[in-house]
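Protein sequence lines, in the order shown, are assigned to chains U and D.
The first sequence begins at 1 in this note's numbering and counts up by one.
The second sequence begins at 1001 in this note's numbering and counts up by one.
Idealized CB from N, CA, C, for every residue including glycine.
Heads up, the thing below is written out as structure tokens.
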Amino acid sequence: MSKFTKIAFNKGELNTQLSQLFSDMLENNAVDAVLAPMAQPKKGVMQTLVTSKENLASMDPFAPVMPVNSAKLVSSLTSTPSGKRIAMVLRSCEVRALVELVKLKQANLEDTLLIGMDCHGRYENTDFLKFQTKEGTSEGFLEGALNGKTESDGFDVAGACKICEYPEAPNVDIRLCTIGSGNGTLYLEAVTEKGEEALTKAGTKFADGPGGRADAVKKLAAARAEARDAVFASYREETGDFNALDDKLSACINCYNCRVACPVCYCKECVFVTDTFRHKGEQFINWANSKGTLKMPTDTSFYHLTRITHIAAFCVGCGQCTSACPNDIDVMPIFRTSAEKVQARFEYLAGRSVDEPQPLSVFDSDELMEVTGQVK
Amino acid sequence: MSEFEPKIVSFFCNWCTFTAADLAGTSRLSYPPNIKIIRVMCSGMVDPKYVLKAFLNGADGVLIGGCWPGDCHYINGNLKARRRVALLTELLSQYGIGPDRLWLRWIAASEGTMLKEVADEMTAKLKELGPSPLNKTAAKVA
Ligand code: SF4
Ligand code: SF4
Ligand code: FES
């Protein structure tokens, strides 16, 4: 049922046109607020919540940076509903994580208008600042990305983005389409009725969509899936036992940044910071005795493995865990490889649908018979 | 060199498998001492962390015993346990702890004989497999 409208922009006008669109939405009461990436006064681009059309000028949704996975921000905005309708501009991994949070009852989609932007990847936060210093612009980035080049001098998009097989955001009301749109062109796609209604209120007239889009999305997704398989295969080969996992995590200082950054690490209080893990001095001595050596801080693999048991069904591959690590440990493949196995085992795909029950929330007496191999 | 004796950390449900172990004892059915029993109120309360911790501390195997589907005292704790074991198997296999080392079995209170059979079978299997790669003490002896 998708309907499209074309926005052609001259150099330097992409963000002006987008600001105009959202301003029309606010003005015509299609929504009450907008959450979108906006340039900050001095530097950086952050998600910003705006309720009046005068404050939309610094919009820059295609800036290649994602300081946090916004699913968490949407959780803060909606778990106690404000009663205000909010348009939210999100990337694919943010929407997919949000779908999982909705099912965990940590977010609510009732008053949201989800706007998914095609994603060509993001730079690491510090690389993005370099990109800005060198006068890099979102339009310039898009133009390069559409020609297969995301590299800037000395850095490229995050490893997670290179292997993300979902360049197009699922489960949204509206899409900002750049893939297959051609240079200097953006298409708005009304995916749901809610999306169509909002765009109509903002004065949009619908016409033909971009001809080659479906194929272009497929092609990009296939290339990234291939890259993903290669990364997974080499991770699995390099890290086939617990010693290799320990080696991979040897610089880990148990700061837990990776779980703070992870949009789907859902516990309100992490057990690893509770009394359960505040051991007595004697306990450490005993461990050192029995194990020969005791790396401190302790319980590092235990923490990461436990995190896997919690998030494996929900991991969307956003790579925020790797980005958050102060010691440059590339933890994303640890989580994504297990997630792939676990999601396949339960025929589940994180972010695919709000209606599909999460694997550990349902169970049946006639399933997984191979686990015990017993028949009565 | 003495034969390798696997350590099997066993979480037995109070209402069925633990009672079965008791029955095996009173019926003088001897089962191997490799089974180290931890009594839990239901197989559904075996947090994946317990299993991880057992393996990280060098257990050669983990055996979870619960009531048959339909018989769980808490209605469906055993079905939750089964999903968790499936998840753990996917995770642990990557790091060399295969499904041969993590067992879930339904053993009812009256099935003392089955308890003995499962214990024998798992002990034999683990002897054949050798110590867990995380079992540092066995590695030292070998
Ligand atoms: S584990 Fe890492 S890649 Fe997966 S959802 Fe969490 S932060 Fe993103
Ligand atoms: S962010 Fe890095 S150092 Fe901190 S807990 Fe995670 S892996 Fe360890
Ligand atoms: S009470 Fe025995 S498995 Fe739940």
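I want to check one thing, is the minimum distance from the CB of residue i to the heavy atoms of ligand 1 below 7 angstroms?
i, result
"R336(U)", "yes"
"C267(U)", "no"
"G319(U)", "yes"
"I163(U)", "no"
"A160(U)", "yes"
"C270(U)", "no"
"P263(U)", "yes"
"A97(U)", "yes"
Measuring only from the beta carbon, is residue i closer than 7 angstroms to any heavy atom that is part of ligand 4?
i, result
"V316(U)", "With respect to ligand 4, the structure offers nothing, as its ligand set consists of ligand 1, ligand 2 and ligand 3."
Kindly list, in the order they appear in chain D, the residues whose Cβ is closer than 7 angstroms to that of residue i.
i, result
"K383(U)", "Given a span of 1 to 376 for chain U in the structure shown, any question on residue 383(U) remains unanswerable."
Quick check: is any heavy atom of ligand 3 less than 7 angstroms from the C-beta of residue i?
i, result
"W287(U)", "no"
"Y1050(D)", "no"
"G1112(D)", "no"
"G1044(D)", "yes"
"W1103(D)", "no"
"G1070(D)", "no"
"H120(U)", "no"
Residue i: beta carbon under 7 angstroms from a heavy atom of ligand 2?
i, result
"C258(U)", "yes"
"A244(U)", "no"
"N69(U)", "no"
"I253(U)", "yes"
"I329(U)", "yes"
"P326(U)", "yes"
Is residue i near residue j, with beta carbons less than 8 angstroms apart?
i, j, result
"D60(U)", "M38(U)", "yes"
"I1008(D)", "D1060(D)", "yes"
"N254(U)", "T300(U)", "yes"
"I86(U)", "D118(U)", "no"
"K1080(D)", "F346(U)", "no"
"F381(U)", "K1136(D)", "This structure cannot speak to residue 381(U), because chain U is shown only from 1 to 376."
"V1046(D)", "F1055(D)", "no"
"G116(U)", "K162(U)", "no"
"R224(U)", "P170(U)", "no"
So with CB distances below 7 angstroms, who are the chain U contacts of residue i?
i, result
"E1090(D)", "S338, K341, V342, R345"
"P1069(D)", "S365"
"K1127(D)", "What K1127(D) touches in chain U: nothing, since even the nearest Cβ is about 20 angstroms away."
So what's residue i in DSSP terms, helix, strand or just coil?
i, result
"G373(U)", "coil"
"G1065(D)", "strand"
"Y303(U)", "helix"
"L1102(D)", "strand"
"S79(U)", "coil"
"R91(U)", "coil"
"A1142(D)", "Here the model assigns A1142(D) a pLDDT of 44, short of 50, so the residue's position is not dependable, and the following value carries that caveat. The answer is coil: DSSP assigns A1142(D) none of H, G, I, E or B."
"Q1094(D)", "helix"
"R259(U)", "helix"
"G159(U)", "helix"
"M117(U)", "strand"
"L1087(D)", "helix"
"Q106(U)", "coil"
"A312(U)", "coil"
"L188(U)", "strand"
"P167(U)", "coil"
For residue i and residue j, I'd like the C-alpha separation in whole angstroms.
i, j, result
"A207(U)", "L18(U)", "18 angstroms"
"T80(U)", "L21(U)", "28 angstroms"
"K376(U)", "S353(U)", "35 angstroms"
"P263(U)", "T274(U)", "21 angstroms"
"G1044(D)", "N1078(D)", "5 angstroms"
"C315(U)", "G1025(D)", "46 angstroms"
"T337(U)", "R1101(D)", "21 angstroms"
"E197(U)", "N183(U)", "28 angstroms"
"V1085(D)", "R91(U)", "34 angstroms"
"R228(U)", "D1120(D)", "43 angstroms"
"K1116(D)", "G1066(D)", "15 angstroms"
"S181(U)", "V191(U)", "17 angstroms"
"A1142(D)", "F1004(D)", "Residue placement at A1142(D) is flagged as unreliable, the pLDDT there being 44, under the threshold of 50; a coordinate-derived value is accordingly withheld."
"L1088(D)", "V217(U)", "35 angstroms"
"K53(U)", "M88(U)", "15 angstroms"
"Q47(U)", "L1126(D)", "54 angstroms"
"S70(U)", "R259(U)", "15 angstroms"
"G44(U)", "S234(U)", "34 angstroms"
"L1029(D)", "D1022(D)", "10 angstroms"
"G12(U)", "L142(U)", "12 angstroms"
Anything in chain D within Cβ reach of residue i, meaning under 8 angstroms, just list it in chain order.
i, result
"A312(U)", "L1087, E1090, L1091"
"F302(U)", "K1049, L1052, K1053, L1056"
"R236(U)", "Q1094"
What does residue i reach in chain U if we use C-beta pairs closer than 8 angstroms?
i, result
"W1015(D)", "Under the 8 angstroms cutoff, chain U gives no residues; its nearest Cβ is about 17 angstroms from W1015(D)."
Anything in chain U within Cβ reach of residue i, meaning under 9 angstroms, just list it in chain order.
i, result
"P1133(D)", "D241, F242, N243"
"K1136(D)", "S290, K291, G292"
Below 9 angstroms on C-beta distance, what does residue i contact in chain D?
i, result
"P297(U)", "Here the premise fails: no neighbours, minimum Cβ distance about 15 angstroms."
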